[in-house]
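Going line by line, the protein sequences match chains G and R. Using the working numbering, the letters of the first sequence map in sequence onto residues 1 to 139. Using the working numbering, the letters of the second sequence map in sequence onto residues 140 to 278. Just so it is clear, CB atoms sit at the ideal spot from N, CA and C, and this is done for glycine as well.
There are 2 protein chains.
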Amino acid sequence: MKVFKTPLSRNSWLTLMVIICMLTLFFSTNVMAQQRNQVVRLAKIQVDPAQLEKYNTALKEQMTTAVSVEPGVLTYYAVADKSNPSHITILEIYADTAAYNSHIKTPHFKKYKDTVQGMVKSLELTDVNLIGVAKKPDM
Amino acid sequence: MKVFKTPLSRNSWLTLMVIICMLTLFFSTNVMAQQRNQVVRLAKIQVDPAQLEKYNTALKEQMTTAVSVEPGVLTYYAVADKSNPSHITILEIYADTAAYNSHIKTPHFKKYKDTVQGMVKSLELTDVNLIGVAKKPDM
Numbered sequence: 001m002k003v004f005k006t007p008l009s010r011n012s013w014l015t016l017m018v019i020i021c022m023l024t025l026f027f028s029t030n031v032m033a034q035q036r037n038q039v040v041r042l043a044k045i046q047v048d049p050a051q052l053e054k055y056n057t058a059l060k061e062q063m064t065t066a067v068s069v070e071p072g073v074l075t076y077y078a079v080a081d082k083s084n085p086s087h088i089t090i091l092e093i094y095a096d097t098a099a100y101n102s103h104i105k106t107p108h109f110k111k112y113k114d115t116v117q118g119m120v121k122s123l124e125l126t127d128v129n130l131i132g133v134a135k136k137p138d139m
Numbered sequence: 140m141k142v143f144k145t146p147l148s149r150n151s152w153l154t155l156m157v158i159i160c161m162l163t164l165f166f167s168t169n170v171m172a173q174q175r176n177q178v179v180r181l182a183k184i185q186v187d188p189a190q191l192e193k194y195n196t197a198l199k200e201q202m203t204t205a206v207s208v209e210p211g212v213l214t215y216y217a218v219a220d221k222s223n224p225s226h227i228t229i230l231e232i233y234a235d236t237a238a239y240n241s242h243i244k245t246p247h248f249k250k251y252k253d254t255v256q257g258m259v260k261s262l263e264l265t266d267v268n269l270i271g272v273a274k275k276p277d278m
């Protein structure tokens, strides 16, 4: 009785299946390792209300430049309390510690720090772990 | 002297430019209106440490289901303080108030609320505005 009707032998099929399984395992482990290494942080910033517009402009410029020119700067979400817009929270995601250490040495980050020096009243950094992310594909 | 060397007349060019400007303005205004209507929120939750694993499972199930079945549920990022994993912050983005009101009536949201009722020690909701988002295309 012939079970396998394709040109590949039973052994070839088995070998192929094992290779596919190993590759799948390799890539999924790799994705998990990448996520485990990520540096994720919440920055809570209180800004001088009189300088809020200038601060927000500097912040947006820093975020956009860092994400577009640095491979390891992955995500920024900056939000302001509705009832107190000078209370700002930023969710930051970097690929790993090396990416973060390289980020704080860039000219655009140093320019941001210099610009906002007299605008920031307090800064609180909290290291966090991602529990999960769910979002629409276009978000 | 002939300035415009294409088959279109000077007036046709002007009309075309005006139409392009109006379309650009229309679409960019539309995008801004969509973002202005978004409901963006930070939820700060303290969970009973003894029930943290069960809580995180219920939270992830709620987030994933809501984003996949509800058109107006756009984004969730859930993070836990590294130094105190039972302190959780969730960044939530809904398309508009109607989407949020519809969300809290869904079976999966009610199931989540019932499941975590005895696990949540405190819940603080802060309405926020997006200052900006910057992220890699694959994030």
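Using C-beta distances below 6 Å, list every residue in its chain close to residue i, excluding the 5 sequence neighbours before and after it, in chain order.
{"i": "residue 188/R", "result": "225"}
{"i": "residue 238/R", "result": "211"}
{"i": "residue 203/R", "result": "none"}
{"i": "residue 190/R", "result": "258"}
{"i": "residue 112/G", "result": "58, 62"}
{"i": "residue 157/R", "result": "none"}
Against chain G, does residue i count as a neighbour if the rule is that its beta carbon must be under 7 Å from one of theirs?
{"i": "residue 235/R", "result": "no"}
{"i": "residue 275/R", "result": "yes"}
{"i": "residue 186/R", "result": "no"}
List, in chain order, every chain R residue whose beta-carbon is nearer than 7 Å to that of residue i.
{"i": "residue 81/G", "result": "265, 267"}
{"i": "residue 40/G", "result": "218"}
{"i": "residue 106/G", "result": "The contacting residues do not exist; residue 106/G stays about 14 Å from chain R at best."}
Keeping to the same chain, check which residues put their C-beta closer than 8 Å to that of residue i; ignore five residues upstream and five downstream.
{"i": "residue 109/G", "result": "62, 66, 103"}
{"i": "residue 177/R", "result": "213, 232, 233, 234, 235, 269"}
{"i": "residue 70/G", "result": "99, 102, 103, 106"}
{"i": "residue 199/R", "result": "217"}
Could you name the residues of chain R that residue i contacts, counting a contact when the two beta carbons are closer than 8 Å?
{"i": "residue 200/G", "result": "What is shown of chain G runs 1 to 139, which leaves residue 200/G out entirely."}
{"i": "residue 67/G", "result": "273, 274, 275"}
{"i": "residue 88/G", "result": "270"}
Considering only residues of the same chain and omitting the five flanking positions on each side of residue i, which have a CB-CB separation below 7 Å?
{"i": "residue 121/R", "result": "In the structure displayed, chain R extends from 140 to 278; residue 121/R sits before or after that span and is not available."}
{"i": "residue 80/G", "result": "87, 88"}
{"i": "residue 183/R", "result": "228, 263"}
{"i": "residue 256/R", "result": "none"}
{"i": "residue 47/G", "result": "55, 86, 88, 119, 120, 121"}
{"i": "residue 151/R", "result": "none"}
{"i": "residue 254/R", "result": "197"}
{"i": "residue 141/G", "result": "This structure leaves residue 141/G out entirely; chain G is present only between 1 and 139."}
{"i": "residue 161/R", "result": "none"}
Please list the partners that residue i has in chain G, where partner means a Cβ-to-Cβ separation under 7 Å.
{"i": "residue 195/R", "result": "131"}
How about residue i: is its C-beta nearer than 7 Å to some C-beta of chain R?
{"i": "residue 91/G", "result": "yes"}
{"i": "residue 64/G", "result": "yes"}
Could you tell me which chain G residues have their CB closer than 8 Å to the CB of residue i, listed as they occur along the chain?
{"i": "residue 213/R", "result": "135, 136, 139"}
Quiz item: the stretch 249-260 of chain R: which residues have C-beta closer than 7 Å to a C-beta of chain G, in chain order?
Solution: none
Quiz item: Can you list, in chain order, the stretches of the beta strand (DSSP E) that have 3 or more residues and sit fully within the stretch 87-119 of chain G?
Solution: Scanning the stretch 87-119 of chain G from its first residue to its last, the whole beta strand (DSSP E) runs of 3-plus residues come out as 87-94.
Quiz prompt | beta strand (DSSP E) segments (min. 3 residues) lying fully within the stretch 52-90 of chain G | solution = 73-81
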